[in-house]
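For reference, each letter of the sequence shown is one residue, going 442 to 547 in my numbering.
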Amino acid sequence: MDARTLIGWNLRSLRVARGLSQERLALEAKIDRAYVGRVERGSENVTVATLEAFAGVLAVPVARLFREPEPGAEPPKALKAGRKAKAGGRAGDGGWSGNNGGGRTD
């Protein structure tokens with residue numbers, strides 16, 4: 442397993458074990474949620490500063506993000522199927538409020 446995949450595996454495993462959504466982890470680490478997803482998929486070359494931010498939120502040493510999984514370990518499962526509603530949205534509507542353009546309305 443390459444380093445980016447290993448970091449992503451461990452990040453997701455630790456995040457799910459703590460009951461954190463990608464959005465919550467991103468918010469607390471002051472990182473974009475989509476970036477968290479890309480790191481978890483192993484498609485980002487993450488910086489040491491970002492690793493430190495993730496480790497701080499997860500309350501683990503940075504080295505924990507590099508731990509090899511046990512032989513035969515199952516990939517970490519998603520926290521829950523689907524996304525939680527964003528602030529201001531209703532459950533089940535994905536948090537959309539009718540602004541299909543995706544831009545800010547204020």
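Cβ atoms here follow ideal geometry from the backbone N, Cα and C, with glycine treated the same way. Because the structure is a prediction, the values reported are computed rather than measured.
For the region 465-514, the full-length alpha helix (DSSP H) segments reaching 4 residues or more read 474-481, 489-499 along the chain.
Glycine 513 and methionine 442 have their alpha carbons spaced roughly 13 Å apart. For glutamate 515, the closest alpha carbon among the candidates Leu506, Arg453, Arg445 is that of Arg453.
Of the candidates Lys471, Arg505, Ala467, Ala467 places its Cα closest to the Cα of valine 477. Bounds of any alpha helix (DSSP H) do not take in serine 462, whose DSSP letter is neither H nor E.
The Cβ atoms of alanine 494 and isoleucine 472 sit closer than 8 Å to each other.
Note on asparagine 451: 16 or more other CB atoms within 10 angstroms of its CB, so buried under the neighbour-count rule. The Cβ atoms of valine 501 and isoleucine 448 do not sit closer than 8 Å to each other.
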